[in-house]
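Visitor: Throughout the sequence shown, residue numbering follows my numbering, covering 198 to 276 in sequence.
Note that the Cβ used here is the ideal one computed from N, Cα and C, for glycine as well.
If you're wondering where the values come from, they're calculated on a predicted model, not measured in any experiment.
Provided herewith is a single structure, encoded as structure tokens, for subsequent inquiry.
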Amino acid sequence: MLIRKVENFLQRHDMPATKFGRLAAHDPRFVLDLRMGRTPRAQTEARTLKWMADYEVSPASANVTTPFRAYETKGFAHV
198 MLIRKVENFL
208 QRHDMPATKF
218 GRLAAHDPRF
228 VLDLRMGRTP
238 RAQTEARTLK
248 WMADYEVSPA
258 SANVTTPFRA
268 YETKGFAHV
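Okay, here's the thing in structure tokens:
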């Protein structure tokens, strides 16, 4: 089952469920929905498993960081 693999991954990497969902499935509720019984499509499951395998090999290349972008609002620069 996918949820067991995901839960083991989360524990092994000390990663919050919402972060995993954003990175692996572009859905912060992904893991929470799995915990509630959601069954993902075969393509989604395969893509998630591939993302986890890629992360295991090289976390830096798995797009784990979001680049900070400075933007200006009402005269203030925010990072």
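Residues in its own chain within less than 7 Å of A214 by CB, not counting five upstream and five downstream?
Guide: As a working mapping, residue 214 is identified with position 17 in the sequence shown. Counting only Cβ-Cβ distances below 7 Å, and skipping sequence neighbours, we find L207, V228 and L229.
Visitor: Determine, using beta carbons only, whether D211 and G218 come nearer to each other than 8 Å.
Guide: Counted from its first residue, the sequence shown places residue 211 at position 14. Counted from its first residue, the sequence shown places residue 218 at position 21. Contact flag unset, no.
Visitor: CA-CA distance, T236 and V254?
Guide: Numbered from its first residue, the sequence shown carries residue 236 at position 39. Numbered from its first residue, the sequence shown carries residue 254 at position 57. Whole-angstrom Cα-Cα distance: 26 Å.
Visitor: Exposed or buried, what is M198 when buried is set at 16 or more other beta-carbons lying within 10 Å of its beta-carbon?
Guide: As a first step, residue 198 must be located in the sequence shown, where it is residue number 1. Answer is exposed; the Cβ neighbour count stays below 16.
Visitor: Could you give the distance in angstroms between the alpha-carbon of Q240 and the alpha-carbon of R201?
Guide: For the purposes of this step, residue 240 is taken as residue 43 along the sequence shown, with counting starting at 1. For the purposes of this step, residue 201 is taken as residue 4 along the sequence shown, with counting starting at 1. Each residue's alpha carbon lies about 18 Å from the other.
Visitor: Once DSSP output is grouped into helix, strand and coil, what is the label at R238?
Guide: Within the sequence shown, numbered from 1, the residue matching residue 238 stands at position 41. It is coil, neither helix nor strand.
Visitor: Using a 10 Å radius around the Cβ and a threshold of 16 neighbouring Cβ atoms, would you call A250 buried or exposed?
Guide: Start at 1 with the first residue of the sequence shown, and residue 250 comes out as number 53. Label assigned to A250: exposed.
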